[in-house]
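K.L.:
Just so you know, we're using the numbering used here here: the sequence shown kicks off at 419 and counts up by one.
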Amino acid sequence: MIEPYKDPSLPPHERTKDLLTRMTLEEKIGQMCQLDLSHDPNIWIKKRNIGSYLNVKWKDTQRLQKMALGTRLSIPLIFGIDAVHGHCFHDGATVFPSQLAMSCSWNPELVEEVARITAREVIYTGFHWTFSPVLCIGRDPRWGRINETFGEDPFLIGVLASAMVRGYQGNSLSDPESILACPKHFVAYGETVGGRDSAEAEVSMRKLRSIFLPPFKAVIDTGCGSIMAGYHSIDGTPCSANSWLLRDVLKKEWKFNGFVLTDWANVNWLHELQFITPTLEAAAEIALLAGNDMIMSTPEFYNIIIKRIKEGHINEKLIDEACTRILEVKFRLGLFDQKGVLSTNPNTELIGCILHKKKALEAALQSLVLLKNNNNLLPLNENIGKIAVLGPNADNSIAQLGDWSFGKVLNWPPQDCDVVDGHKDNTVTVLAGIKKRVNYQSSVVYVKGCDVLNPEDKDIQKAVNAALEADVVIVVVGDNYSLNGEHKDRASLDLTGAQQKLLEAVKTTGTPLVVVLINGKPLTIPWIADNADAILEAWNPGNEGGNAVAAVLFGDFNPCGKLTMSFPRHIGQLPVYYNQMPGWHGGKYVDIDAAPLFPFGFGLSYTSFRYSNLHLSKTELQKHEILSVSIDVENTGNHEGTEIVQLYVNDKYSSVTTPIKELKGFKRVNLHPGEKKCVNITIPISTLALVNSEGVECVETGEFEIMVGQSSGDPHTLKKSIFVY
Ligand code: GLC
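#1: Run through DSSP, which three-state label would I1101 get?
#2: Locate the alpha helix (DSSP H) running through N1031, then write down its first and last residues.
#3: Take S1023 as the anchor and find which of S785, M999 and K925 has the nearest alpha-carbon.
#4: Taking only the alpha-carbon atoms, compute the straight-line gap between I463 and R627 and give it to the nearest angstrom.
#5: Just the Cα atoms here: how many angstroms apart are V513 and W957?
#6: My assumption, with CB atoms under 8 Å, is that G1001 sits in contact with T1075. Please give the rounded CB distance.
#7: As a quick check of your reading: which residues have a C-beta less than 5 Å from at least one non-hydrogen atom of the ligand GLC, in chain order?
#8: To the nearest angstrom, how far is the alpha carbon of H1134 from that of S1035?
#9: With 16 as the cutoff for other CB atoms within 10 Å, does C1096 come out buried or exposed?
#10: Which one of K1137, F677 and L688 has the shortest CA to CA distance from I652?
#11: Following the continuous beta strand (DSSP E) through M1125, name the residue where it begins and the one where it ends.
#12: Quick check on this structure: which residue in E566, Y720, K1094 and N460 has the alpha carbon closest to the alpha carbon of N937?
#13: When the Cα atoms are used, what is the spatial distance from V970 to F754?
#14: Beta-carbon within less than 6 Å of W822's beta-carbon, same chain only, minus the 5 sequence neighbours each way: which residues are those?
#15: Considering just the uninterrupted stretch of the beta strand (DSSP E) at F1084, what are its terminal residues?
#16: Quick test of your reading: Q587 and G641, contact by CB under 8 Å. State the CB separation rounded to the nearest angstrom.
#17: Using a Cβ cut-off of 7 Å (strictly closer), state whether G973 contacts chain B.
#18: In terms of residue numbering, what span does the alpha helix (DSSP H) encompassing C1154 cover?
#19: Whole angstroms are fine: how far does the CA of E887 sit from the CA of C522?
#20: Report yes if the CB atom of L789 is closer than 7 Å to the CB atom of A812, and no otherwise.
#21: Tell me which residue opens and which closes the alpha helix (DSSP H) that Y586 is part of.
#22: Measuring CB atoms only, is the stretch 551-565 touching the stretch 576-584, in the sense that at least three cross pairs come out at less than 8 Å?
#23: Name the one or two DSSP bridge partners that G1069 has.
#24: Roughly how many angstroms separate the alpha carbons of I802 and N949, rounded to a whole number?
#25: Given A659, which residues of its chain have a CB within under 7 Å of its CB, disregarding the five upstream and five downstream residues?
#26: Look up S861 in the DSSP assignment and say whether it is helix, strand or coil.
#27: Would I1010 and H1042 qualify as a contact pair, given that the criterion is a beta-carbon distance under 7 Å?
#28: Can we say the stretch 476-489 touches the stretch 524-538, given the rule of at least three CB pairs closer than 8 Å?
#29: Could you name the residues of the same chain whose beta carbon sits closer than 7 Å to that of S592, not counting the 5 residues immediately before and after it, in chain order?
#30: What residues are listed by DSSP as bridge partners for G1059?
#31: Going by the DSSP bridge assignment, what does W945 pair with across the sheet?
#32: Confirm, please, whether the CB-CB distance from C868 to G915 is below 7 Å.
#33: Kindly provide the ranges of any alpha helix (DSSP H) runs that are 4 or more residues long and lie completely inside the stretch 862-925, ordered along the chain.
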């Protein structure tokens, strides 16, 4: 007779219940621990029944799982890894554009497909779980982790993050190619003061409910199976010590049935960095009581909690609840059945295959944002003649791939990616893409010219000479992994090293100047905005970034990306996100224009579009109704192109301040030259709710302005009002 927990015909909750009755206290607490391989599996698997290892090498997953399946109850490990824009810590895997880049596609279907491919490459290398997507709202570009976000708008983040979770988890977690998603970092991690990583976020409960919690509610409704708590504190309480957040809101109000993971050594930080407990023992107890179910990288937790329970200070029920959540997800994932079996082989032809690369190219193309194109300099004629390609990021795969790929390894314990130039063989740099694209009539000269960090202008004259000889000069600048990522916040967003010197020297040649940006966040580039003839924002575009940039530069693809994060003119202008609250007397600083350098939702095309005939299904609606908005969009240029129609709403008069405009809907539409289409966007009136001063979410009666335009700063935005009663 097979034990019920081993019976695949039984539902996960029954199998969990049976297994739990068979487990010792130590085995249950072991399941709550997650460590990396610096902790001996002969102890942690064989003696302590650890629940999870993270960021190991693929070949270790096979060895470790075999050890786990050889223990008394054969509970499989769940392997987690940061596969956050593709399975980037696996050499040869497909590296997609960063989240910030992909968000500029405004394409949830594409994001879902990318996540599905990532899941496939993750599962076939022995992992089951990715610590992705990031739902932090990128509102302060000084913060080091902006590249990991989907930008500054909560609505768009919710849409794209839900798509990513669907891609990872598929229709069912037990699908052979589904992996567990882990939306993070719960919540408002990007809102810490001064953009300082993991510091304090001064956010009220009302603002949490208005701005920061909604995207997470969206992914909970999508059925994500785990959530990672943030490092930071909110109004004095660290997230991993916040039972209101983890138990009252997440588990009770939202009925989240997955499990909560702390961030790396977050229990230690409660004691060592945030000083809310005098001892690690107290920190471990607070973290358990607050509702963390799995503890990342705090090995001390194991013995501390066993002791506290045996001394009668902690109720074992808390352990049963946490362990139940973890085991149920393992059963839902299929780890006790087909997925736990050691069948994966990382050398499958799937990893980095041509189909995956095709999707990476598609994602990169749709992520590119054309910020300037004076006199239609772009697209370039392929017979243009001599092209000078300059700049430190023109031929730099590590800078191009960005954070959470091999660049991370340079200052992080290497896992599968000891090779610091990983992905080199399967990454097409901007220079390589341009060289591949031009035809025999044209020639390409490359001079790096300067470094991203080193202020020496060692090769600038050589670069200027190349520009003097050229018919067009393409300068690829920006930042790199040492200026982006965890613990890498910046007090300046200016170009670093001798990049500005290089640009100004090249400008004196009078050769038409195209600037391509390879960067992990918006930078303060007013000189480029004024002096470049064309600007293409490429962010961290992944393996296929060079092919995508070349395709846009030579007109094989008409750029359609739209910014999801505002560019400040100057660091002093922050915060500069578009959905500001009203009330600023004068509306600007005395010494700088109030408008951002480039606004949220902005992006040019090689064609032009005209909006007309804004129509509302009704102008008076009740709170349960749905408003249908339609608008005609016409391609008035001579290139086929895709436009991203954006719908913003302003609550004219409200009991608490509400943003001057908020994105409430968008639609991508593809049009041939001269073609006109009627675009429809529906808005449930319930989505116009605010959180009032009592913390109650409600739609208030009154006038709302409906605005439809090409960006949050579009001067030709069409507007009409509705009245909600
Ligand atoms: C890090 C990050 C988190 C990541 C985790 C595991 O410190 O904050 O985003 O998933 O550790 O690598």
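For every residue, glycine included, the Cβ atom is placed at its ideal position computed from N, Cα and C.
P.N.:
Straight from the coordinates:
#1: Along the sequence shown, one-based indexing puts residue 1101 at 683. It is a strand residue.
#2: Taking the sequence shown and counting its residues from 1, the one referred to as residue 1031 is at position 613. It is not in any alpha helix (DSSP H) - N1031 instead sits in the beta strand (DSSP E) that spans F1027 to L1034.
#3: As a first step, residue 1023 must be located in the sequence shown, where it is residue number 605. The shortest Cα separation from S1023 among S785, M999 and K925 belongs to S785.
#4: As a working note, residue 463 is residue 45 in the sequence shown. As a working note, residue 627 is residue 209 in the sequence shown. Each residue's alpha carbon lies about 41 Å from the other.
#5: As a first step, residue 513 is located in the sequence shown; it is residue number 95 there, counting from the start. As a first step, residue 957 is located in the sequence shown; it is residue number 539 there, counting from the start. Each residue's Cα considered, the two are about 13 Å apart.
#6: Counted from its first residue, the sequence shown places residue 1001 at position 583. Counted from its first residue, the sequence shown places residue 1075 at position 657. Their Cβ separation, rounded to whole angstroms, is 7 Å, which keeps G1001 and T1075 in contact under 8 Å.
#7: Output, sorted by chain position: D500, F549, D681 and W682.
#8: Here the question's residue 1134 lines up with position 716 in the sequence shown. Here the question's residue 1035 lines up with position 617 in the sequence shown. Going by the C-alpha atoms only, they are around 22 Å apart.
#9: For this step, residue 1096 is matched to residue 678 along the sequence shown. Residue burial is scored here from C-beta neighbours: C1096 has fewer than 16 other C-beta atoms within 10 angstroms and is therefore classed as exposed.
#10: Taking the first residue of the sequence shown as position 1, residue 652 is located at position 234. Closest by alpha carbon: L688.
#11: The residue labelled residue 1125 in the question sits at position 707 within the sequence shown. Element bounds for M1125: G1120 to G1127.
#12: Taking the sequence shown and counting its residues from 1, one reaches residue 937 at position 519. Of the listed residues, the one whose Cα sits closest to N937 is E566.
#13: Translated into positions along the sequence shown, residue 970 becomes position 552. Translated into positions along the sequence shown, residue 754 becomes position 336. In a straight line, the C-alpha of V970 is about 48 Å away from that of F754.
#14: The residue given as residue 822 occupies position 404 in the sequence shown. Closer than 6 Å at the Cβ level, and outside the excluded window around W822, lie D500, V502 and C506.
#15: To locate residue 1084, count along the sequence shown from 1; it is residue 666. First-last of the beta strand (DSSP E) with F1084: E1080 to L1089.
#16: Here residue 587 refers to the residue found at position 169 of the sequence shown. Here residue 641 refers to the residue found at position 223 of the sequence shown. Contact flag correct, Cβ pair sits at about 7 Å.
#17: Given the protein chain composition of this structure (a single chain), no chain B is represented.
#18: Outside the displayed range of the chain (419 to 1143) lies residue 1154, so it cannot be described from this structure.
#19: Here the question's residue 522 lines up with position 104 in the sequence shown. Here the question's residue 887 lines up with position 469 in the sequence shown. Cα to Cα, C522 sits roughly 35 Å from E887.
#20: Numbered from its first residue, the sequence shown carries residue 789 at position 371. Numbered from its first residue, the sequence shown carries residue 812 at position 394. In this structure, the beta-carbon distance from L789 to A812 does not fall below 7 Å.
#21: Counting from 1 along the sequence shown, the entry for residue 586 is found at position 168. Per DSSP, Y586 belongs to the alpha helix (DSSP H) from P572 to Q587.
#22: Note that the stretch 551-565 touches the stretch 576-584; at least 3 beta-carbon pairs, one per stretch, sit closer than 8 Å.
#23: The sequence position of residue 1069 within the sequence shown is 651, counting from 1. Reading the sequence as shown, one finds Asp at residue 1069 and not Gly. Answer by DSSP bridge pairing, in chain order: F1122.
#24: For the purposes of this step, residue 802 is identified with residue 384 of the sequence shown, where counting begins at 1. For the purposes of this step, residue 949 is identified with residue 531 of the sequence shown, where counting begins at 1. About 21 Å.
#25: As a position in the sequence shown, residue 659 is number 241, starting the count at 1. Within the same chain, Cβ atoms closer than 7 Å to the Cβ of A659 are found at L688, I694, I704, A705 and A708, the five residues on either side in sequence being excluded.
#26: Reading the sequence shown from its first residue, position 443 is the one you call residue 861. In the three-state DSSP reduction, S861 falls in the strand class (E or B).
#27: Locating residue 1010 in the sequence shown gives position 592, where the first residue counts as 1. Locating residue 1042 in the sequence shown gives position 624, where the first residue counts as 1. Against a cut-off of 7 Å, the Cβ pair of H1042 and I1010 comes out as no contact.
#28: Not touching, per the Cβ criterion.
#29: One-based indexing of the sequence shown puts residue 592 at position 174. Taken in chain order, the residues that qualify are R750, L751 and G752.
#30: Taking the first residue of the sequence shown as position 1, residue 1059 is located at position 641. G1059 pairs with L1089.
#31: For this step, residue 945 is matched to residue 527 along the sequence shown. Answer by DSSP bridge pairing: none, since W945 is not bridged.
#32: Within the sequence shown, residue 915 is the residue found at index 497, counting from 1. Within the sequence shown, residue 868 is the residue found at index 450, counting from 1. The answer is yes: Cβ separation under 7 Å.
#33: 878-887 and 917-925
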